[in-house]
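First up is the structure itself, then whatever we jot down about it.
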Amino acid sequence: MEPSGNEFLRGTLKTIVLKLLTERGRMYGYEITQSVKERTQGEVVLTFGALYPVLHKLQQEGLLITESVEVDGRLRKYYTLTPRGNETALQKVSDFERFVEVMKHLLQPAPVLSMGQ
Numbered sequence: 001m002e003p004s005g006n007e008f009l010r011g012t013l014k015t016i017v018l019k020l021l022t023e024r025g026r027m028y029g030y031e032i033t034q035s036v037k038e039r040t041q042g043e044v045v046l047t048f049g050a051l052y053p054v055l056h057k058l059q060q061e062g063l064l065i066t067e068s069v070e071v072d073g074r075l076r077k078y079y080t081l082t083p084r085g086n087e088t089a090l091q092k093v094s095d096f097e098r099f100v101e102v103m104k105h106l107l108q109p110a111p112v113l114s115m116g117q
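And the structure:
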C-alpha cells in the first residue's frame, strides 16, 4: 500500500483495534501490531506511535480496560473490551463494512448512457 494509504488507516484504527479485541479477547500492544501485519501480509504496518494514542482514547471512552502483568521481569499491559466496547466494536465493524460496499459501487465505472435514452 502506498504511503498515502496511511490516511485510510488513520480513519480505521479504532475499528481495527476493536475488531481484533473482539476476536482475541485480550491483547497487548506488540501483539496487536503483529496481528495486523500478519493478517495483511505486511501491507499494513501499525506503528506504536499510531496505536498507543488510539488505545488510550478507547480506554478514556470506557471501551476497554487494561491489566498489567509481569512477564519475564517486565510489565506488559493487556487490553480487554468492556461490554460497551464489544457493542461499539460490532457497530463500527458493521458501519465500516457498509462504507466499503458503498465505496465499491462509487468506484465502479459509471454505465455509459446512449444518446437515445
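With the first letter of the sequence shown counted as 1, position 56 gets the number 56 in the UniProt record's numbering; the numbers rise by one all the way through.
For each residue, glycine too, the CB sits at the ideal point set by N, CA and C.
When the Cα of residue i is compared with those of the options, which residue comes out closest?
i	options	result
residue 46	58, 56 and 33	33
residue 21	43, 71, 82 and 112	82
residue 26	111, 55, 112 and 96	55
residue 48	13, 109 and 104	13
Just the C-alpha distance for residue i and residue j, rounded to the nearest angstrom, thanks.
i	j	result
residue 35	residue 51	13 Å
residue 19	residue 53	17 Å
residue 59	residue 103	30 Å
residue 31	residue 105	34 Å
residue 29	residue 79	8 Å
residue 109	residue 97	21 Å
Among residues of its own chain, excluding the 5 on either side of residue i, which ones have a beta-carbon nearer than 6 Å to its beta-carbon?
i	result
residue 75	68
Put residue i into one of helix, strand or coil per three-state DSSP.
i	result
residue 112	coil
Enumerate in chain order the residues of its own chain whose CB-to-CB distance from residue i is below 7 Å, with the five nearest sequence positions on each side excluded.
i	result
residue 118	Outside the modelled stretch of the chain, which goes from 1 to 117, sits residue 118, for which no answer is possible.
residue 16	36
residue 92	14, 15 and 18
residue 66	59, 77, 78 and 79
residue 62	82 and 84
Mind pulling the beta strand (DSSP E) runs of 3 or more residues that sit fully within the UniProt domain "Transcription regulator PadR N-terminal" (17-88)?
With a minimum length of 3 residues, the continuous beta strand (DSSP E) runs that stay inside the UniProt domain "Transcription regulator PadR N-terminal" (17-88) are 26-28, 64-71 and 74-81.
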